Amino acid sequence: MYLYLNLPLLCLLHSKAVVVGQLMYHSYHTYDHYSHSEENDYSHSTTERVFEYHDFVTEPQNMTEYGERVKEYADGYHQLESVLENLDRGQFTLDEPYHIRHSSIGFNAHLDHPFTAARVLVLLMDHLQYPNKSKTEYPLSKPHLNVLDIGSGTGYMTTILAHMVGHEGYVIGLEHVPELVKLAHMALEYDHYHFLQSERVKFILKDGRKGHAEEGPYDIIHVGAACLEVPEEVFPDCVFTPSPDSHPAETRG
Numbered sequence: 483m484y485l486y487l488n489l490p491l492l493c494l495l496h497s498k499a500v501v502v503g504q505l506m507y508h509s510y511h512t513y514d515h516y517s518h519s520e521e522n523d524y525s526h527s528t529t530e531r532v533f534e535y536h537d538f539v540t541e542p543q544n545m546t547e548y549g550e551r552v553k554e555y556a557d558g559y560h561q562l563e564s565v566l567e568n569l570d571r572g573q574f575t576l577d578e579p580y581h582i583r584h585s586s587i588g589f590n591a592h593l594d595h596p597f598t599a600a601r602v603l604v605l606l607m608d609h610l611q612y613p614n615k616s617k618t619e620y621p622l623s624k625p626h627l628n629v630l631d632i633g634s635g636t637g638y639m640t641t642i643l644a645h646m647v648g649h650e651g652y653v654i655g656l657e658h659v660p661e662l663v664k665l666a667h668m669a670l671e672y673d674h675y676h677f678l679q680s681e682r683v684k685f686i687l688k689d690g691r692k693g694h695a696e697e698g699p700y701d702i703i704h705v706g707a708a709c710l711e712v713p714e715e716v717f718p719d720c721v722f723t724p725s726p727d728s729h730p731a732e733t734r735g
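Each residue of the sequence shown is one higher than the last, beginning at 483 in the working numbering.
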């Protein structure tokens, strides 16, 4: 097959699941290696971490300013604007959470640039919700959506997806770094405990290259971890279709 290596990348599977993810030749966030340094040791309690977030002086300077700016990336979808504006990114990273850029979460991993996250979600809107002529209205979420988030990190995108799939949807996050799985649970226990309590969100310690067929099939798969090649166990018989503005890097599979 021919692949366009860039984000966002839409992958249409024969199983009718929709996959959004990234393939990269060079990345510091791969499944093959990660490091732990003292400066990335997130041993703080959840409460201490959240208060620290609001002490950062960045541009924008706080969550309110950040929310006002990042919702501009939602392409006019009102529900997505609301989620991006009100979900506190500071619960998921210590690295200048309200700065408009990638943010480190330690262990050679990062939260995507806010624009990247929003761009992926805009591509998924037709699969998350029933068609609606007006972006500004709240359309109904499609019922019983089952979503897999590979490379879930501290759970930022997982939590956004949980908000978007509605009360009948489920999101499973796969992460191979134990410390990040723990941090993801901490983040949701602080302000989104109902997702964990109802099991609408699960975080599983697992190599995402192996997939998680046990709780499939999935309607949507988000690949938040960069990889050097297509994991055949996760994406058999894929047809990859890039976004119109992606930059092609040709490969065969």
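Virtual Cβ for every residue (Gly too), placed ideally from N, Cα, C.
On a predicted model such as this, the values are computed, not experimentally measured, just so you know.
Check: Could I get the ranges of all uninterrupted alpha helix (DSSP H) runs contained in the region 657-687, with 4 residues as the minimum, in chain order?; Outcome: 660-673 and 675-679
Check: Could you have a look at I582 and say whether DSSP puts it in helix, strand or coil?; Outcome: coil
Check: For R583, is the classification buried or exposed, using 16 other Cβ atoms within 10 angstroms of its Cβ as the cut-off for buried?; Outcome: exposed
Check: Grouping DSSP H, G and I as helix and E and B as strand, with all else coil, what is H560?; Outcome: helix
Check: If we count the other Cβ atoms within 10 Å of its Cβ and call it buried at 16 or more, is Y700 buried or exposed?; Outcome: buried
Check: Sort out for me which residues DSSP pairs Q611 with in a bridge.; Outcome: S623
Check: Per DSSP, which residues does H592 bridge with? Please list them.; Outcome: S586
Check: Considering only residues of the same chain and omitting the five flanking positions on each side of G648, which have a CB-CB separation below 6 Å?; Outcome: S623
Check: Is G655 helix, strand or coil by DSSP?; Outcome: strand
Check: Rounded to whole angstroms, what is the Cα-Cα separation between Y559 and D594?; Outcome: 20 Å
Check: Whole angstroms are fine: how far does the CA of R551 sit from the CA of P660?; Outcome: 33 Å
Check: Taking its Cβ as the centre, do 16 or more other Cβ atoms sit within 10 Å of T546, making it buried, or is it exposed?; Outcome: exposed
Check: Does the contact criterion of 3 or more C-beta pairs under 8 Å hold for the region 673-681 versus the region 603-612?; Outcome: no
Check: L687: buried (16+ other C-beta within 10 angstroms of its C-beta) or exposed?; Outcome: exposed
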